[in-house]
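Working notes, beginning with the structure itself.
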Amino acid sequence: SNCSFKDVVEDTKLVPGDQITVQCAFSSSVSVVGTPVLMLNANLDAEAQYRRGSGTAILEFDYRIEPGDVVLRLAYTDAFAMRRGRIRADDHAQDKVEGR
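Counting in our numbering, the sequence shown runs from 9 upward without gaps.
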């Protein structure tokens, strides 16, 4: 299964410089190879940096709010929005998400 984005910022006014942690949940544990980033819909180049979670079913990514970020509900841009890394299922069946 692919990443199921967990909205951790609801009804909160954020300003440039604020840092948030977003979570990407999977149906089973995954391992991270490399340093993936999660592309977000806050602006054209919004990249949340991988923080932790390898070996679990929930990965965490950090994102710092930038000037011009405007979105009513934060989300990743598509189901395969990871870059610069690979996320593998711990059962070794196949990659969950592979970077572009």
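Cβ atoms here follow ideal geometry from the backbone N, Cα and C, with glycine treated the same way.
Taking C-beta to C-beta, are residue i and residue j nearer than 7 angstroms?
i   : j   : result
A56 : D77 : no
E68 : R60 : yes
D70 : T29 : yes
R92 : V41 : no
Give the DSSP-derived three-state secondary structure of residue i in the structure shown.
i   : result
V23 : coil
With a CB to CB cut of under 8 angstroms and the five nearest residues on each side skipped, what residues in its chain are close to residue i?
i   : result
A65 : A33, F34, S35, S36, S37 and V38
D26 : R72 and I73
Closer than 7 angstroms by C-beta to residue i: which residues in its own chain qualify, once you throw out the five before and the five after it? Chain order, please.
i    : result
P24  : I73, E74 and P75
D111 : The question about residue 111 has no answer here: the residues shown for the chain are numbered 9 through 108.
Which same chain residues, not among the five before or five after residue i, have their C-beta less than 6 angstroms away from its C-beta?
i   : result
S62 : S39 and V40
A54 : L48
L22 : I73
Taking only beta-carbon atoms, is residue i less than 7 angstroms away from chain C?
i   : result
P44 : As a matter of chain content, chain C is missing from the structure shown, which is built from one protein chain.
(request) Please specify which runs of the beta strand (DSSP E), each continuous and at least 3 residues long, are wholly inside the region 32-103, giving them in chain order. (result) Every unbroken stretch of the beta strand (DSSP E) spanning 3 or more residues and falling wholly within the region 32-103 is given here in chain order: 55-60, 64-72 and 90-97.
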